[in-house]
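In my numbering, the protein residues as written are 8 to 113. For every residue, glycine included, the Cβ atom is placed at its ideal position computed from N, Cα and C. Fair warning: this is a prediction, and the values are worked out from it, not measured in the lab. First comes the structure, then the notes that go with it.
Below you can see the structure in the form of C-alpha cells.
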C-alpha cells in the first residue's frame, strides 16, 4: 500500500488544504443536534467524494474542518490536485444551507 513505509520527515514536497467552516461553534449552539449531525454528515460525504476524485488523503478534520494532503506518494501533480480539491469543496459547501445561508469556509 502506498505510503505505509514512509517516515513523516522524509517528504520532498507536499501540498495540503485546510479549511474550517465559518461560525462552526455557533452553529452547534443555534441548530438542534440532529440538524448539526445532518450538516456535518453531508459535508463529510462531499469531502470523501472529492478525496477519491482528486487522489487526495484526509489526515485530519472534525467539526467542519478539512485537513487534506497530496504529494506524500511523490505524485508530481500534487499541487494541481490539491487546488482542484479545494475549489470543489469550497464550491460544494456553498450549496449547503445553514439556517438559509450558504456555508462558507474560513
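Beta-carbon separation (whole angstroms), residue 77 vs residue 63, contact threshold 8 Å = Position 70 of the chain shown, counted from the first residue, corresponds to residue 77. Position 56 of the chain shown, counted from the first residue, corresponds to residue 63. Contact holds; Cβ gap of about 5 Å.
Is the beta carbon of residue 24 sitting closer than 9 Å to the one on residue 105?
-> For this step, residue 24 is matched to residue 17 along the chain shown. For this step, residue 105 is matched to residue 98 along the chain shown. No.
Measure the CB-CB distance between residue 59 and residue 103 and report whether it falls below 9 Å.
-> As a working note, residue 59 is residue 52 in the chain shown. As a working note, residue 103 is residue 96 in the chain shown. One thing to note: residue 59 has its Cβ no nearer than 9 Å to the Cβ of residue 103.
Where residue 43 and residue 31 are concerned, what is the direct C-alpha to C-alpha distance, given to the nearest angstrom?
-> Counting from 1 along the chain shown, the entry for residue 43 is found at position 36. Counting from 1 along the chain shown, the entry for residue 31 is found at position 24. Linking residue 43 to residue 31 through their CA atoms gives a straight-line distance of about 10 Å.
Would you call residue 107 buried or exposed, if buried means 16 or more other Cβ atoms sit within 10 Å of its Cβ?
-> Position 100 of the chain shown, counting from 1, holds the residue named residue 107. Residue 107 is exposed by the Cβ-count criterion.
First and last residue of the uninterrupted alpha helix (DSSP H) at residue 67 | For the purposes of this step, residue 67 is taken as the residue at position 60 of the chain shown. Residue 67 -> not in any alpha helix (DSSP H); beta strand (DSSP E) instead, spanning 64-67.
So which of 101, 95 and 112 has the shortest CA-CA distance to residue 61?
-> Sequence index remark: in the chain shown, residue 61 carries index 54 (1-based). Across the set 101, 95 and 112, the C-alpha of 95 shows the shortest separation from the C-alpha of residue 61.
First through last residue of the alpha helix (DSSP H) which encompasses residue 101 | Stepping through the chain shown from its first residue, residue 101 is reached at position 94. The continuous stretches of alpha helix (DSSP H) do not include residue 101, and DSSP gives it neither H nor E.
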